[in-house]
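Residues 589 to 731, numbered by our numbering, are exactly what the sequence shown covers, in order. Ideal Cβ placement from N, Cα and C applies to all residues, glycine included.
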Amino acid sequence: MKRSVLLIKPERKQRIPLPHYLLINGQMLGLMRGNDNVRVALPQGDYAVTVRSAYKFIESTAQVHIAEGETLTLTFGDRERWWNWLFNLDLMLWLFKWFFDFGNYWDIVYEIASNGFFFLWLLRIWIIRKHYFRMTCSPAEKQ
């Protein structure tokens, strides 16, 4: 009987590597450090693999079928690329506003836009909280 392996890794390196909980079929397997890869030896079968953020309500689950002797790679990444750009722009404007005065009219416009985008981001996170990570499963590359 050949051993089956599931390799779980982040899609890309994170600037601030946050820990993630790893669950297989609802059982907590452990805590992944931010950019580390995890190798799990499993018997053949169907598994529900969940990656949960340290913030408990943000997670995603993928159904994985592992055949005997097969090595699969499960990659996960967040869906926040555009929101991160918007956040960085907002942060730069906030720092600029800290040192310079936009004027009363532009201060109000900035506050409304910034708080509006923050509200939309929170609403979006709440809606996609169970499908936050993009997860893809593929056969592992031969080394």
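- Query: So, helix, strand or coil for residue 701, using DSSP?
  - Reply: Helix, per DSSP.
- Item | Assigned exposure category for residue 639 - 16 Cβ within 10 Å defines buried | Residue 639 comes out buried.
- Taking residue 627 as part of the alpha helix (DSSP H), name the residues at either end of that continuous run. In the DSSP assignment, residue 627 falls outside any alpha helix (DSSP H) and lies within the beta strand (DSSP E) extending over 626-630.
- Three-state class that DSSP yields for residue 644 in the structure shown: Looking at residue 644 - three-state DSSP - the assignment turns out to be coil, as it is neither helix nor strand.
- Query: Are the segment 633-652 and the segment 669-689 touching, with three or more C-beta to C-beta distances below 8 angstroms?
  - Reply: Segments in contact, no.
- Query: Are there 16 or more other CB atoms within 10 angstroms of the CB of residue 598, so buried, or fewer, so exposed?
  - Reply: Label assigned to residue 598: buried.
- Message: Once the 5 residues before and after residue 713 are set aside, which same chain residues still bring their CB inside 8 angstroms of it?
- Response: Apart from sequence neighbours up to five positions away, the residues of its chain that approach residue 713 with a beta-carbon distance below 8 angstroms are 646 and 720, ordered along the chain.
- Output the distance between the C-alpha atoms of residue 635 and residue 651, rounded to the nearest integer angstrom. Between residue 635 and residue 651, the C-alpha separation is close to 6 angstroms.
- Query: In the DSSP assignment, what residue or residues form a beta bridge with residue 633?
  - Reply: As computed with DSSP, residue 633 is found in a beta bridge with 654.
- Query: Taking just the CA atoms, how far does residue 677 sit from residue 696?
  - Reply: Looking at the two C-alpha atoms, the distance is approximately 17 angstroms.
- Item | Cα-Cα separation, residue 591 to residue 722 | If you take the alpha carbons of residue 591 and residue 722, they lie about 27 angstroms apart.
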